[in-house]
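Throughout, my numbering is defined as the position within the sequence shown, counted from one, plus 724.
No residue lacks a Cβ here, since even glycine has one placed at the ideal position from N, Cα and C.
Just so it is clear, the structure is predicted and the values come from calculations on it, not from any experiment.
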Amino acid sequence: LKMKTEGMPELQKHITPIMESAEKAADFVRKMMLYTKESPYRRERFSLDEFLDDFIFILKTPDKVHLHYERQHTPMPVLADRQSLAEALSQIVKNSLDAMPEGGDLFITSEVENIKARPFAVIKIRDTGQGIPPELIDRVYEPFFTTKDVGKGTGLGLCLAKGVIESLGGEITISSTPGRGTEVTVRLPLV
725 LKMKTEGMPE LQKHITPIME SAEKAADFVR KMMLYTKESP YRRERFSLDE FLDDFIFILK
785 TPDKVHLHYE RQHTPMPVLA DRQSLAEALS QIVKNSLDAM PEGGDLFITS EVENIKARPF
845 AVIKIRDTGQ GIPPELIDRV YEPFFTTKDV GKGTGLGLCL AKGVIESLGG EITISSTPGR
905 GTEVTVRLPL V
């Protein structure tokens, strides 16, 4: 469409916002498909520790945010859909980055934890951002709930992450202290 209107500046100035809106709509539909589980999951067994290494390698953080990554050096085999898990973790990280507009520290760690004699991979994502007020912490998983300004978020990020993690037999929990930051803990069963 942009190529067809080349040399027509009056039309092109209208096309850019249309294209941006279409991209946002497509992204929204993709997220809704993941949340409603309409997207076909392709579960496979893979090493979560290696997956996290790759995830961290491609993770983009602003210069003013310092990334700290510490991983478990014990194999952590999981049965999951890589793309859905990456999207869920990306949503959590995005929220952390949004909570630190002036910069800060982002900590991502992994470990193995036994819960009721069953091994779980545990991923913790902690930021030094604004934190979540106690009266809002129970609402963070609600679809379309957001504390961000209009146009800055859909309120689906943590809702989507929770849906994906739970569909994999895992759980997600959040603890937060206003003014000090938030920690999101993801637990996935090992196979």
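(request) Express the C-alpha separation of Lys-788 and Asp-829 in angstroms, rounding to a whole number. (result) Here residue 829 is taken as the residue at index 105 of the sequence shown, counted from 1. Here residue 788 is taken as the residue at index 64 of the sequence shown, counted from 1. In a straight line, the C-alpha of Asp-829 is about 9 Å away from that of Lys-788.
(message) Just to confirm the assignment, what range does the alpha helix (DSSP H) spanning Gly-887 have?
(response) For this step, residue 887 is matched to residue 163 along the sequence shown. For Gly-887, the enclosing alpha helix (DSSP H) covers residues 881-891.
(message) Can you give me the C-alpha to C-alpha distance between Asp-778 and Thr-852, rounded to a whole angstrom?
(response) Sequence index remark: in the sequence shown, residue 778 carries index 54 (1-based). Sequence index remark: in the sequence shown, residue 852 carries index 128 (1-based). Cα to Cα, Asp-778 sits roughly 23 Å from Thr-852.
(request) Name the one or two DSSP bridge partners that Ile-896 has. (result) For the purposes of this step, residue 896 is identified with residue 172 of the sequence shown, where counting begins at 1. DSSP output for Ile-896 lists Val-910 as bridge partner(s).
(request) With a 10 Å radius around its C-beta and 16 neighbouring C-beta atoms as the bar for buried, classify Phe-775 as buried or exposed. (result) Against the sequence shown, residue 775 aligns to sequence position 51. That one is buried.
(message) Does the stretch 849-868 come into contact with the stretch 895-904, if we say contact requires no fewer than three beta-carbon pairs (one atom in each stretch) closer than 8 Å?
(response) Enough Cβ pairs lie closer than 8 Å, so yes.
(message) Report the CB separation of Leu-772 from Met-732 in whole angstroms; it is logged as a contact under 8 Å.
(response) As a working mapping, residue 772 is identified with position 48 in the sequence shown. As a working mapping, residue 732 is identified with position 8 in the sequence shown. Between Leu-772 and Met-732 a beta carbon distance of about 51 Å is seen, past the 8 Å cut, so the two are scored as non-contacting.
(request) Take Arg-842 as the anchor and find which of Leu-912, Arg-766 and Lys-737 has the nearest alpha-carbon. (result) What you label residue 842 is simply residue 118 of the sequence shown in a count that begins at 1. Ranking Leu-912, Arg-766 and Lys-737 by Cα distance to Arg-842 puts Leu-912 first.
(request) Measure the alpha-carbon distance for Pro-867 versus Phe-831 and round it to whole angstroms. (result) For this step, residue 867 is matched to residue 143 along the sequence shown. For this step, residue 831 is matched to residue 107 along the sequence shown. Each residue's alpha carbon lies about 26 Å from the other.
(request) Look up Ile-856 in the DSSP assignment and say whether it is helix, strand or coil. (result) Indexing the sequence shown from 1 puts residue 856 at position 132. In the structure shown, Ile-856 sits in coil (DSSP, three-state: anything other than H, G, I, E or B).
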